[in-house]
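S.K.: Listed in order, the protein sequences are those of chains P and Z. Per numbering that gives the first Met the number 0, the first sequence starts with residue 0, numbered consecutively. Per numbering that gives the first Met the number 0, the second sequence starts with residue 0, numbered consecutively. For glycine and all other residues, C-beta sits at the position ideal for the given N, C-alpha and C.
Protein chains: 2
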Amino acid sequence: MKAREFKKKIYNELAVTTKAIANPNRLRIIELLAQGASTVEYIAEQTGLSVANASQHLQTLKNARLVSSEKEGKYSIYRLAGPRVFEAWSALRELGLSQNAEISRLMDDYRNEHETLEMVSVEELVKRVDKDEVFLVDVRPRHEYEAGHILSATSFPRDEIRQHIKNLPKNKDIIAYCRGPLCAMADDVVSLLRRQGFNAKRLELGYPEWKANGLPVEESA
Amino acid sequence: MKAREFKKKIYNELAVTTKAIANPNRLRIIELLAQGASTVEYIAEQTGLSVANASQHLQTLKNARLVSSEKEGKYSIYRLAGPRVFEAWSALRELGLSQNAEISRLMDDYRNEHETLEMVSVEELVKRVDKDEVFLVDVRPRHEYEAGHILSATSFPRDEIRQHIKNLPKNKDIIAYCRGPLCAMADDVVSLLRRQGFNAKRLELGYPEWKANGLPVEESA
DNA sequence: AAAACATTCAATAAAATTATTGAATGTTGT
DNA sequence: ACAACATTCAATAATTTTATTGAATGTTTT
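1) Let me know if G47 of chain P comes out buried or exposed under the rule of 16 or more other beta-carbons within 10 Å of its beta-carbon.
2) Taking 8 Å as the threshold (C-beta atoms), are A152 of chain Z and A36 of chain Z in contact?
3) Just to confirm my understanding: we take S54 of chain P, look at its own chain, exclude 5 residues before and 5 after, and list those with CB closer than 7 Å. What are they?
4) What's the call for M0 of chain Z, buried or exposed, on a 16-neighbour Cβ count within 10 Å?
5) With DSSP collapsed to three states, give me the class of K124 of chain P.
6) Hey, is P23 of chain Z's beta-carbon within less than 8 Å of any beta-carbon in chain P?
7) Compare the Cα-Cα distances from P168 of chain Z to each of Z:G196, Z:A183, Z:S89, Z:S68 and report the closest residue.
8) Pick out the complete alpha helix (DSSP H) segments inside the stretch 109–194 of chain P, 4 residues or longer, and give them in chain order.
9) With distances taken from CA atoms, which of P:K210, P:E4, P:I9 is nearest A100 of chain Z?
10) Which residues, in chain order, does the stretch 4–36 of chain P contribute to contact with chain Z at a C-beta distance below 9 Å?
11) Check whether chain P comes within 8 Å of D108 of chain Z, counting only Cβ atoms and requiring the distance to be less than that.
12) Tell me which residues of the stretch 53–68 of chain P have at least one Cβ-Cβ distance to chain Z shorter than 8 Å, keeping chain order.
13) Taking only beta-carbon positions, decide if S154 of chain Z is within less than 8 Å of chain P.
14) Name the DSSP bridge partner or partners of S89 of chain Z?
15) With three or more C-beta pairs closer than 8 Å as the rule, is the stretch 178–194 of chain P touching the stretch 108–117 of chain P?
16) Is D187 of chain P close to chain Z? Criterion is C-beta to C-beta, closer than 8 Å.
17) To the nearest angstrom, report how far apart G205 of chain Z and R104 of chain Z are at their CA atoms.
18) Would you say L94 of chain Z reaches chain P, if we count a Cβ-Cβ gap shorter than 8 Å as a contact?
19) Is the beta carbon of R83 of chain P less than 8 Å from the beta carbon of L94 of chain Z?
20) Given this structure, state the Cα-to-Cα distance separating E132 of chain Z from M184 of chain P, to the nearest angstrom.
21) Based on the DSSP output, what are the partners of E69 of chain P in its beta bridges?
22) Strictly below 8 Å CB to CB, what residues from chain P border Q98 of chain Z?
23) What residues of chain Z sit near E159 of chain P, judged by a beta carbon separation below 9 Å?
24) Check the C-beta distance from N62 of chain Z over to A14 of chain P and give it rounded, since I have them as a contact under 8 Å.
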């Protein structure tokens, strides 16, 4: 094959893969699937897409081999097709955070409103969890917690916060985490808990980053 | 701001940034700019695009803050807007190589045709360059070599190969590198040199990866 | 001042991406 | 067998993306 033809085909194919990611809904779907395998219905519910539309986006990702699916009875279970998918997603997230001023602005505004004054780094959490100094809460929907969570975290879904608030210790720092740096659930919870007098902070990253780092998790069979 | 609205805006913006990359010509342009700053004309010449079209793609990248430009006389000099751009590009390249079977197939085919039997890792090159065991050649266009190259490399542009072949040592391994893992120029040179009886191999990565790793380079002022 | 040059702009047509809708497929539970 | 259910398919219209063309802008050289 001629060099020119080769070059053209290579970059066309690379663009095929890249275009499969380059859509707001599919970026959300990849973040969701980074939490664990999921049905079409769950994706639709969490993103607010119609089931048909969610299915169509999942097909697009599947054609690009970024996700795989298997049939289980009447359900289709989708999952990320390999570690590179989340790695590329993370690189794009970092690119967005560093180059797109509108993203940083939106994040800063949201966090100011929610008084997310302090963030805890992964290293700090590792240390303080070992010393049993903190109470770690997973504020994602229970379903995602059950698919996999940080070892020693307690499920404390944002949407059920009022039922569970009485079980929280007043004497420990409470650290909340969710789906990752772009996820607002932990901020919402920190905001509410601080107004109730708890000493709450958010983890800077989320479950998928923790897991990708090889840190201890508990996963469902 | 409401959580739902925030989420929507964040992912729309992230898609804006991602879409700016998601085009075959712009992927090539980013790879070119990773070699060093460049004029519109050079980009157009290297990609085969018309100048107007190259300019338009550069505008798209500039609007997304992925490249910056400055005027120097009648020339516009474009460069990557920060290290994250090449990092994300690299992550997408790795994603393509791992998930898109057509890319691996194209690469394998091209390399079989060109007998790129052995590749040299960066670690191996570092060791052997120190011991002066190898002759390192930069096969990119001279212009890119002059903008920046691996320390101790000799310029040996693929397109001028026949004029320079007599200056090569027969007794050393010759290692050729170019723009990166997707670049075919090093393969073309290795192929030709091997047919001439030289012991030639290609570096698995390219100049931008070497530089991003903090390894020693020589850059123009 | 005029010519040469590098780049950008503006308009357009062709191609692609996207969300919506309703029907079709295939599985499970009654 | 039938109803309920999860998902996929197919068709469509609206929107976005893209390459092409030729003119416009602004700089350097003659």
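M.R.: In this structure, then:
1) exposed
2) no
3) V39
4) exposed
5) Note on identity: in this sequence residue 124 of chain P is Leu, with Lys being the wrong assignment. Helix, per DSSP.
6) yes
7) Z:G196
8) 121–129, 141–146, 160–163, 184–194
9) P:I9
10) F5, K6, K7, K8, I9, Y10, N11, E12, L13, A14, V15, T16, T17, K18, A19, I20, A21, N22, P23, N24, R25, L26, R27, E30
11) yes
12) A63, R64, L65
13) no
14) For S89 of chain Z, which the question treats as bridged, DSSP gives no partner whatsoever.
15) yes
16) yes
17) 20 Å
18) yes
19) yes
20) 57 Å
21) P:I76
22) T16, A63, R64, L65, A80, G81, R83, V84
23) What E159 of chain P touches in chain Z: nothing, since even the nearest Cβ is about 15 Å away.
24) Incorrect: roughly 18 Å between the Cβ atoms, too far for contact.
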